[in-house]
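Input: a single structure, listed below in structure tokens.
There are 4 protein chains.
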Amino acid sequence: MTTTTTNPTLRTAVAGVTGYAGAELARLLLLHPRLRETPPMFLGRMLPEGEGTTIALTSLHPQLSGLPHADDLSVTPFDWEQLQREGVEILFLATPHEQAREWAPQALAHNIRVIDLSAAWRLQHDANRAIYKLTDADPAAAQALQREAVYGSPELHGPAIAAARLVANPGCYATSIILGLAPLLRANLIDLTFGVVADAKSGVSGAGKTPTANTHFMYAADNLSAYAVFGHRHTGEILEQLHLTNAQLQFTPHLLPIPRGILSTIYVRLNQAASLVDIQNCFFDFYVASPMVRVRRSPLLPQIQHVVRTSFCDIGFQLSPDGKKLVIVSCLDNLLKGASSQAIQNMNLMAGWHESEGLI
Amino acid sequence: MTTTTTNPTLRTAVAGVTGYAGAELARLLLLHPRLRETPPMFLGRMLPEGEGTTIALTSLHPQLSGLPHADDLSVTPFDWEQLQREGVEILFLATPHEQAREWAPQALAHNIRVIDLSAAWRLQHDANRAIYKLTDADPAAAQALQREAVYGSPELHGPAIAAARLVANPGCYATSIILGLAPLLRANLIDLTFGVVADAKSGVSGAGKTPTANTHFMYAADNLSAYAVFGHRHTGEILEQLHLTNAQLQFTPHLLPIPRGILSTIYVRLNQAASLVDIQNCFFDFYVASPMVRVRRSPLLPQIQHVVRTSFCDIGFQLSPDGKKLVIVSCLDNLLKGASSQAIQNMNLMAGWHESEGLI
Amino acid sequence: MTTTTTNPTLRTAVAGVTGYAGAELARLLLLHPRLRETPPMFLGRMLPEGEGTTIALTSLHPQLSGLPHADDLSVTPFDWEQLQREGVEILFLATPHEQAREWAPQALAHNIRVIDLSAAWRLQHDANRAIYKLTDADPAAAQALQREAVYGSPELHGPAIAAARLVANPGCYATSIILGLAPLLRANLIDLTFGVVADAKSGVSGAGKTPTANTHFMYAADNLSAYAVFGHRHTGEILEQLHLTNAQLQFTPHLLPIPRGILSTIYVRLNQAASLVDIQNCFFDFYVASPMVRVRRSPLLPQIQHVVRTSFCDIGFQLSPDGKKLVIVSCLDNLLKGASSQAIQNMNLMAGWHESEGLI
Amino acid sequence: MTTTTTNPTLRTAVAGVTGYAGAELARLLLLHPRLRETPPMFLGRMLPEGEGTTIALTSLHPQLSGLPHADDLSVTPFDWEQLQREGVEILFLATPHEQAREWAPQALAHNIRVIDLSAAWRLQHDANRAIYKLTDADPAAAQALQREAVYGSPELHGPAIAAARLVANPGCYATSIILGLAPLLRANLIDLTFGVVADAKSGVSGAGKTPTANTHFMYAADNLSAYAVFGHRHTGEILEQLHLTNAQLQFTPHLLPIPRGILSTIYVRLNQAASLVDIQNCFFDFYVASPMVRVRRSPLLPQIQHVVRTSFCDIGFQLSPDGKKLVIVSCLDNLLKGASSQAIQNMNLMAGWHESEGLI
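Residue numbers (the numbering used here), protein chains in the order written: chain A, 103 to 462; chain B, 103 to 462; chain C, 103 to 462; chain D, 103 to 462.
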């Protein structure tokens with residue numbers, strides 16, 4: 103089950119295909135070259151196990167019509183037995199985190215590996231996880247599984263992901279900030295007495311599909327607003343993955359008046375003056391084997407348009423004249439590298455395929 | 103009560119200030135030069151008569167803070183006795199149409215004139231009004247009041263509005279199409295055997311403040327969609343005001359990915375070949391005394407940017423080389439000339455003031 | 103040269119890769135499964151033959167970085183001899199129409215087939231072509247070539263395209279309107295005494311990459327404007343392909359405040375009352391073998407979001423209650439089905455491949 | 103000339119009305135209650151002195167049609183003698199900074215006070231001014247005038263502005279950052295060893311009306327990009343007005359995909375732990391007599407929609423749980439409080455009128 107031998111194909115299933123990340127995941131799976139003969143099963147997030155109605159995939163997402171298999175597929179009620187009957191090997195959970203917390207151990211019990219796009223299994227520290235108000239039927243088992251879960255950042259944990267039974271797919275803000283800082287922190291270049299300021303901006307799809315006052319077009323359009331200042335839920339992921347303390351990180355998310363895309367502007371001070379080439383080389387070395395990260399050469403800075411509807415994370419820099427202050431700009435599509443394409447990247451690793459298959 | 107003698111000022115009240123049109127109405131009233139000493143009363147749409155809580159106006163609409171009186175005003179529960187005690191002379195109803203259908207006769211019974219921004223009283227023909235599913239406690243009285251109600255298009259019914267007790271403020275699409283066609287139809291220039299095609303496009307605020315799937319930023323942004331083809335509720339108003347039959351009008355509304363503004367592109371054939379100057383003069387003559395309509399000289403065509411956040415309706419034209427086919431472009435801000443500023447224009451007429459006071 | 107035998111791969115070149123359609127064409131060619139081993143050559147539009155500098159493809163279009171071959175490719179000066187040396191079989195012209203008028207015969211003289219994305223060769227009637235102010239060094243030869251040129255609408259002229267030496271890739275507005283009307287006109291269902299009204303709306307990319315007053319963000323954003331009323335250049339294509347007279351068509355384009363996408367709302371009267379099923383069947387039959395057209399079942403209407411960043415044209419309908427008036431909604435991405443993906447579709451046909459390869 | 107006695111009205115002129123700030127200035131002046139009888143003169147920026155043609159104001163800005171005097175006014179060639187003949191008392195310069203550097207002393211020589219919306223006279227230190235590459239015909243006189251020029255921030259320099267002959271109207275980014283920091287710095291609450299990070303985001307109108315690659319709709323829409331990192335021209339203003347060193351400030355501007363509005367997110371550490379009430383009181387006290395600054399009470403944070411098309415600057419805060427780290431959010435409309443309405447505010451002070459006349 104945890105082998106990394108190359109598989110010719112794979113049987114997959116997606117629970118929760120109604121949302122934005124779910125729709126992108128469906129599109130990527132339908133178009134994945136290894137899955138052309140074995141389309142994924144789609145399972146309704148809202149349908150209680152054992153009952154409910156079936157709906158055509160293209161009724162839910164008319165934009166998918168015409169894609170391979172799309173017009174023949176349905177979203178069916180969730181049913182573990184059917185998953186097993188169909189020989190599903192990997193289950194994507196694009197459900198609310200409460201659901202994912204409950205279903206992941208059940209999937210493993212049915213010998214199905216899990217890629218969880220929710221936040222349910224990302225955090226090792228109870229204090230960080232508290233914000234999600236998760237409850238566990240069997241706390242001891244959950245704790246053990248939590249320790250086993252691998253944070254699904256292929257650039258940081260590739261080999262562990264390849265062997266994992268449960269991959270916790272990272273948050274969108276977290277991915278952009280972690281990838282923008284990890285090489286510098288690993289190389290010990292940042293003066294942490296000054297801390298890190300991460301000013302991040304995200305398109306509206308990050309707020310989910312449920313209509314609310316803040317996702318109303320009239321609220322979001324022609325606007326910009328900061329929110330969850332000092333309290334965003336992704337903070338814990340960033341701290342844990344980068345080994346930072348809460349005091350060292352200032353992270354402010356903003357809601358951009360665009361559908362998709364995240365741009366994080368990250369401010370740090372260096373331990374000692376560096377050149378732009380030093381910084382770039384640090385990143386080039388770190389991501390040399392990472393096809394989904396594009397390190398940009400100054401003066402080219404990432405911008406949201408370059409990454410939207412792609413599976414890349416773009417990273418660029420600008421250095422102060424004295425070589426001591428560094429601004430890092432990190433960009434990605436929150437629904438792709440910030441969610442669904444990163445999940446596919448993890449699936450590729452778990453199947454022993456090349457990391458970027460179906461993503462470029 | 104129905105006198106048109108000039109009043110130095112006026113005591114007004116607004117029921118239903120939570121929505122977009124309500125907020126614009128509040129802004130226009132607070133800034134109206136005749137009302138600087140007598141700010142309007144604001145009454146909650148949702149609060150049942152006789153109970154409920156009071157909320158600061160600027161809690162509801164922080165953008166109004168700093169305007170005259172705004173920070174001192176509250177939205178209070180609706181109460182007829184308090185309206186009378188305060189000497190309210192004109193009540194704006196920015197409520198759902200069911201509410202307006204019920205409240206308008208009650209207001210008149212309390213000697214308060216009404217400007218109703220809903221569709222409750224716009225339509226004389228039962229068949230046209232059926233789409234709103236209105237019910238009347240006293241059908242005979244309602245029918246009599248319906249006949250008395252004046253359609254609040256100042257450019258068409260100015261004197262009647264000045265004397266009216268109940269003004270039915272027009273719909274936004276209807277205003278743009280009626281003002282674009284009335285001069286030509288009155289002058290009998292249009293060949294109605296070919297009918298009229300009105301292809302109209304509106305910003306999202308026209309869909310109201312309640313968050314729905316179709317007002318979600320992710321649905322509306324970067325999109326365009328036709329809706330209510332052959333079945334939009336404003337059709338009846340257009341037919342009644344322009345004396346057209348249903349067979350003669352084809353009206354298709356579209357949802358534009360912008361907050362505000364309507365542009366209607368109207369296609370007609372002329373009874374006989376005309377010059378652009380003929381057409382323009384027909385419009386200039388018709389609107390010579392109408393300060394809120396700007397007739398544009400070809401080749402300048404109206405565009406949404408010219409009218410957004412203004413109280414004007416802009417109208418322009420283009421004629422086919424043979425002088426027989428005419429395209430009329432009519433533009434306005436759906437929340438202003440399509441709703442709130444037209445209501446103020448009606449208030450001005452009812453108070454004996456200049457039509458454009460507080461609007462330019 | 104004009105064989106339709108299946109080729110394993112193909113050597114292609116693109117002249118004019120700087121614009122928006124050029125960039126999309128580059129992306130589609132780089133990702134085309136048949137061209138993975140034979141990436142296209144890219145030739146600068148602006149560089150005079152025989153001189154000029156070379157620039158990295160990803161300097162011009164940083165968003166293409168990471169795609170197969172992209173980081174190794176350059177845009178080189180245009181040179182017929184090099185094209186021959188490299189064995190180029192199909193040349194895409196994404197140049198201004200004057201250039202394409204001049205280069206197409208030269209390409210054929212070098213035994214290179216041409217897919218021209220400009221308007222240079224689309225129009226058979228001199229009167230329709232006059233608007234482009236084209237001049238020919240050898241008018242007789244140009245006229246002969248004009249007669250040979252095939253209008254590149256795969257749904258209308260598939261077999262002719264497969265055998266063609268010169269394919270004139272259709273205009274974006276024209277594609278949406280032609281595909282929305284062709285089935286009904288072929289079936290003789292439309293009462294042409296009433297004519298056809300096509301109210302079309304396009305995103306800003308249709309206006310090209312050169313910065314102008316009308317492509318400035320401040321002009322286009324939050325705006326809608328009609329333009330070229332009674333005089334748009336695509337009119338001739340629509341008339342020729344649909345065999346309509348100028349008197350029968352009223353076509354008004356509008357500039358939408360979005361990057362990409364066209365939605366055309368088309369108004370016709372039917373010769374006799376029909377049912378929605380009749381209409382849908384007419385379209386389903388016509389497009390039964392056309393993978394890039396998605397005919398929608400009422401009440402689902404096409405919308406721009408469903409087609410943007412796809413190679414599909416979506417078509418849907420609404421019928422008046424009396425079955426006599428029909429509204430057709432036709433939607434596509436102006437840079438894809440309205441330009442570059444249609445060019446790829448034509449290339450697929452010319453190479454004997456499946457029409458949709460590399461497009462779904 | 104420099105008296106602050108209340109004037110019943112004022113004769114004004116605007117040089118450079120073609121741009122976005124110029125159009126807003128024109129609108130504000132036409133609607134200013136004190137200027138209803140004395141409309142401003144409009145002078146073309148591009149027309150050489152003594153020659154040139156005259157153009158109707160509403161040809162340049164059709165959206166102004168219908169406003170008081172607007173349809174009767176022209177933009178005429180610049181001519182000092184005419185300015186004097188007409189008795190102009192205050193001249194607004196909405197011209198490029200080179201022009202404003204040259205014209206300001208000439209205006210004073212003609213006994214005309216100046217409000218300069220360009221950057222020509224904002225900076226006292228040559229090093230900060232160097233970025234604008236200004237040259238002076240008479241360097242000594244220019245230096246003297248530079249020392250006399252008053253930085254036109256009414257909240258900081260009200261009395262000096264009232265008496266000034268030359269007011270240097272602040273930059274848009276600078277205004278938002280200065281107003282967000284001044285109260286805290288004056289009260290010595292900020293620990294400057296950590297410096298200040300100002301992450302600012304502006305709508306596209308800030309980039310000016312000239313069409314460029316970066317103001318093209320296709321570049322700006324659905325995008326976000328950082329620019330001028332460590333090198334924006336407004337840095338000098340911020341440093342001078344706040345008495346900061348270059349090492350203490352990190353300011354990164356971003357281009358937002360919206361027409362108007364600036365939001366600055368400012369990160370500081372406090373000298374000692376404070377409560378939100380302490381911080382708010384610091385701001386309330388500082389701005390108690392400033393009608394154009396709205397200090398928001400937590401948890402309400404400013405957002406761009408609240409200030410767009412208003413003359414307000416909104417400021418709000420969020421404090422870390424330990425009371426040591428503070429995020430300040432400062433918002434304004436870059437064309438109004440960031441340019442034209444601030445100029446009107448300065449005019450009001452110079453005329454002895456209430457600061458907010460014509461702005462609320």
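We put the beta carbon where it would ideally sit given N, CA and C, even for glycine. Remember, predicted model here, so these are calculated numbers, not experimental data.
Beta carbon proximity, C/Asn-325 to chain B, threshold 8 Å: Taking the first residue of the third sequence as position 1, residue 325 of chain C is located at position 223. Yes, C/Asn-325 lies at the interface with chain B (some Cβ there is under 8 Å from its Cβ).
If you measure beta-carbon to beta-carbon, which residues of the stretch 325–349 of chain D are closer than 7 Å to chain A? Asn-325, Leu-326, Ser-327, Ala-328, Val-331 and Phe-332
Cα separation between D/Thr-178 and D/Ser-161? Residue mapping note: residue 178 of chain D aligns to position 76 of the fourth sequence, counting from 1. Residue mapping note: residue 161 of chain D aligns to position 59 of the fourth sequence, counting from 1. The alpha-carbon of D/Thr-178 is positioned some 13 Å away from that of D/Ser-161.
Nearest-angstrom Cα distance between C/Phe-385 and C/Glu-257? Taking the first residue of the third sequence as 1, we reach residue 385 of chain C at position 283. Taking the first residue of the third sequence as 1, we reach residue 257 of chain C at position 155. One C-alpha to the other measures close to 12 Å.
Supposed close pair D/Leu-268, D/Ala-206 - CB separation, criterion 8 Å: As a first step, residue 268 of chain D is located in the fourth sequence; it is residue number 166 there, counting from the start. As a first step, residue 206 of chain D is located in the fourth sequence; it is residue number 104 there, counting from the start. Rounded, the Cβ-Cβ distance is 6 Å, consistent with contact.
By alpha-carbon positions, which one of A/Glu-188, A/Gln-208, A/Gln-343 and A/Cys-415 ends up nearest to A/Leu-287? One-based indexing of the first sequence puts residue 287 of chain A at position 185. That would be A/Gln-343, whose Cα lies nearest to the Cα of A/Leu-287.
Between D/Ile-263 and the rest of its own chain, which residues show a CB-CB distance below 7 Å, the 5 nearest in sequence each way excluded? As a first step, residue 263 of chain D is located in the fourth sequence; it is residue number 161 there, counting from the start. Close CB contacts of D/Ile-263 within its chain, under the 7 Å cut and outside five residues either way in sequence, are with Val-252, Gly-254, Pro-256, Val-269, Asn-448, Leu-451 and Met-452 (chain order).
Indicate the three-state DSSP secondary structure (helix, strand or coil) for D/Gln-545 in the structure shown. Residue 545 of chain D lies beyond the residue range present for chain D, which begins at 103 and ends at 462; the question has no answer from this structure.
First and last residue of the alpha helix (DSSP H) that includes D/Thr-160? The residue given as residue 160 of chain D occupies position 58 in the fourth sequence. Per DSSP, D/Thr-160 belongs to the alpha helix (DSSP H) from 159–162.
Excluding sequence positions up to five away, which residues of its chain have a Cβ less than 6 Å from the Cβ of A/Cys-415? The sequence position of residue 415 of chain A within the first sequence is 313, counting from 1. Contacts found: Leu-281, Val-395, Leu-434 and Lys-439.
Identity of the residue in C/Tyr-275, C/Ala-229 and C/Gly-305 nearest C/Ala-363 by Cα: The count along the third sequence starts at 1 and reaches residue 363 of chain C at position 261. Here residue 363 of chain C is Gly; the residue named in the question, Ala, does not match the sequence. Ranking the options by Cα distance to C/Gly-363, first place goes to C/Gly-305.
Tell me, to the nearest whole angstrom, how far the beta carbon of D/Ala-445 is from that of D/Asn-213; I am working on the premise that it is less than 8 Å. Residue 445 of chain D sits at position 343 when you count from the first residue of the fourth sequence. Residue 213 of chain D sits at position 111 when you count from the first residue of the fourth sequence. Between D/Asn-213 and D/Ala-445 the Cβ distance is about 20 Å, and since that is not below 8 Å, they are no contact.
Can you name the residues of chain D whose CB is closer than 7 Å to the CB of A/Gln-374? Against the first sequence, residue 374 of chain A aligns to sequence position 272. Correct list: empty, because the minimum Cβ distance to chain D is about 16 Å.
Give me the residue from D/Gly-168, D/Ala-441 and D/Leu-346 with the minimum Cα distance to D/Asp-293. As a first step, residue 293 of chain D must be located in the fourth sequence, where it is residue number 191. Checking every option, the nearest Cα to that of D/Asp-293 belongs to D/Leu-346.
Neighbour list for B/Tyr-369 in chain C, Cβ cutoff strictly below 7 Å: The residue given as residue 369 of chain B occupies position 267 in the second sequence. Within 7 Å Cβ-Cβ: Val-299 and Gln-352.
Straight-line gap, A/Gly-152 to A/Thr-197 (C-alpha atoms, nearest Å): In the first sequence, residue 152 of chain A corresponds to position 50, counting from 1. In the first sequence, residue 197 of chain A corresponds to position 95, counting from 1. Note that A/Gly-152 scores a pLDDT of 48, beneath 50, so its modelled location is shaky; the value from the coordinates is reported in the next line. Using only the alpha carbons, I get a separation of about 17 Å.
Since A/Pro-191 and A/Leu-236 are thought to touch, with beta carbons under 8 Å apart, how far apart are those beta carbons, to the nearest angstrom? Sequence index remark: in the first sequence, residue 191 of chain A carries index 89 (1-based). Sequence index remark: in the first sequence, residue 236 of chain A carries index 134 (1-based). Per the sequence presented here, residue 191 of chain A reads as Glu, with Pro not at that position. Going by Cβ atoms, the distance from A/Glu-191 to A/Leu-236 rounds to 26 Å, so no, they are not a contact pair.
Can you have a look at A/Pro-110 and say buried or exposed, based on whether 16 or more other CB atoms are within 10 angstroms of its CB? Position 8 of the first sequence, counting from 1, holds the residue named residue 110 of chain A. By the 10 Å Cβ count, A/Pro-110 comes out exposed.
Indicate whether at least one CB of chain A lies closer than 8 Å to the CB of B/Ser-255. For this step, residue 255 of chain B is matched to residue 153 along the second sequence. Any Cβ of chain A closer than 8 Å to the Cβ of B/Ser-255 would place that residue at the interface, and such an atom is absent.
Hey, how far is the Cα of B/Glu-464 from the Cα of B/Gly-124? Lying outside 103 to 462, the shown extent of chain B, residue 464 of chain B is not represented and no answer is given.
Using a cut-off of 7 Å between C-beta atoms, extract the partners of A/Gln-405 located in chain D. For the purposes of this step, residue 405 of chain A is taken as residue 303 along the first sequence, with counting starting at 1. In chain order: Asn-325, Leu-326 and Ser-327.
Mind checking who D/Gly-418 pairs with in its DSSP beta bridge? Here residue 418 of chain D corresponds to residue number 316 of the fourth sequence, with the count starting at 1. Per DSSP, D/Val-431.
Tell me A/Val-370's beta-bridge partners as DSSP assigns them. The sequence position of residue 370 of chain A within the first sequence is 268, counting from 1. DSSP, once it has assigned bridges, lists A/Leu-428 as partnering A/Val-370.
Is the Cβ-Cβ distance between B/Ala-239 and B/Gly-273 less than 8 Å? By 1-based counting over the second sequence, the position of residue 239 of chain B is 137. By 1-based counting over the second sequence, the position of residue 273 of chain B is 171. Cβ distance not < 8 Å, so B/Ala-239 and B/Gly-273 don't count as in contact.
If you draw a straight line from the C-alpha of C/Tyr-329 to the C-alpha of B/Gly-338, how long is it? Taking the first residue of the third sequence as position 1, residue 329 of chain C is located at position 227. Taking the first residue of the second sequence as position 1, residue 338 of chain B is located at position 236. When rounded, the distance between both Cα atoms is 30 Å.
On the DSSP bridge list, what partners appear for C/Leu-351? Counting from 1 along the third sequence, the entry for residue 351 of chain C is found at position 249. BP columns for C/Leu-351 point to C/Val-298.
Neighbour list for B/Met-452 in chain A, Cβ cutoff strictly below 9 Å: Within the second sequence, numbered from 1, the residue matching residue 452 of chain B stands at position 350. Within 9 Å Cβ-Cβ: nothing; B/Met-452 doesn't reach chain A, min ~30 Å.
If you draw a straight line from the C-alpha of C/Ala-128 to the C-alpha of C/Ala-309, how long is it? By 1-based counting over the third sequence, the position of residue 128 of chain C is 26. By 1-based counting over the third sequence, the position of residue 309 of chain C is 207. Their Cα atoms are separated by approximately 19 Å.
I need the straight-line Cα distance from B/Leu-351 to C/Val-379, nearest angstrom please. Locating residue 351 of chain B in the second sequence gives position 249, where the first residue counts as 1. Locating residue 379 of chain C in the third sequence gives position 277, where the first residue counts as 1. When rounded, the distance between both Cα atoms is 24 Å.
Check A/Asp-293 in the structure and name its three-state DSSP category. Counting from one through the first sequence, the residue named residue 293 of chain A turns up at place 191. Three-state result, A/Asp-293: coil.
Residue-level contact to chain C via CB, D/Phe-319, 8 Å cutoff: For the purposes of this step, residue 319 of chain D is identified with residue 217 of the fourth sequence, where counting begins at 1. Judged by the 8 Å Cβ criterion, D/Phe-319 is in contact with chain C.
For chain B, is any of its Cβ atoms less than 8 Å away from the one on D/Arg-362? Counting from one through the fourth sequence, the residue named residue 362 of chain D turns up at place 260. Not one chain B Cβ lies under 8 Å of D/Arg-362.
Does any residue of chain D bring its CB to less than 8 Å from the CB of C/Ala-128? Reading the third sequence from its first residue, position 26 is the one you call residue 128 of chain C. Chain D, which has no Cβ nearer than 8 Å to the Cβ of C/Ala-128, makes this no.
I think C/Gly-460 touches C/Leu-133, with their Cβ atoms under 8 Å apart; what is that distance to the nearest whole Å? Counting from one through the third sequence, the residue named residue 460 of chain C turns up at place 358. Counting from one through the third sequence, the residue named residue 133 of chain C turns up at place 31. 7 Å between Cβ atoms; contact.
Taking D/Asp-218 as part of the beta strand (DSSP E), name the residues at either end of that continuous run. On the fourth sequence, residue 218 of chain D is found 116 positions in, with the first residue counted as 1. 215–218 is the span of the beta strand (DSSP E), which, as asked, contains D/Asp-218.
My assumption, with CB atoms under 8 Å, is that B/Leu-195 sits in contact with B/Ala-302. Please give the rounded CB distance. Position 93 of the second sequence, counted from the start, is the residue given in the question as residue 195 of chain B. Position 200 of the second sequence, counted from the start, is the residue given in the question as residue 302 of chain B. Taking the Cβ atoms as the reference, B/Leu-195 lies roughly 25 Å from B/Ala-302, outside the contact range of under 8 Å.
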